[in-house]
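*Asks:* Numbering (our numbering), first residue to last: 4 to 106.
Shown below is the structure under consideration.
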């Protein structure tokens, strides 16, 4: 799998903008979205799952609680938590299920 570069992101934005007038206006006014580099691995994927459909502050708070409760976040350490513990940390039932499946 190739790592996304700024050049590839700009090319993709230009490609999509050429096909979608609404996106073209947004791209013209705002430019490409930021390219955030993240460490590869299980902890990052858990964090991304936590970020879905909640505020970034809420996701960060849950992630910090998970770190405090597990130390190093690994598939093995994650699977030690039961539903009640994960709910207390800040995981919805659905997100806990996604992360368990990932682990």
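Note that CB positions come from ideal geometry on N, CA and C, so glycine has one too.
Is residue 51 helix, strand or coil when you go by DSSP?
*Replies:* The answer is helix: DSSP assigns residue 51 an H, G or I state.
*Asks:* Distance, Cα to Cα, residue 28 vs residue 10?
*Replies:* Cα-Cα distance, rounded: 20 Å.
*Asks:* According to the neighbour-count rule (16 or more other Cβ atoms, all chains shown, within 10 Å of its Cβ), is residue 14 buried or exposed?
*Replies:* With fewer than 16 Cβ atoms within 10 Å of its Cβ, residue 14 is classed as exposed.
*Asks:* Report the rounded CA-to-CA distance for residue 76 versus residue 68, giving the unit in angstroms.
*Replies:* C-alpha separation (whole angstroms): 11 Å.
*Asks:* Check for me: the alpha helix (DSSP H) holding residue 78 runs from which residue to which?
*Replies:* Start and end: 78-82.
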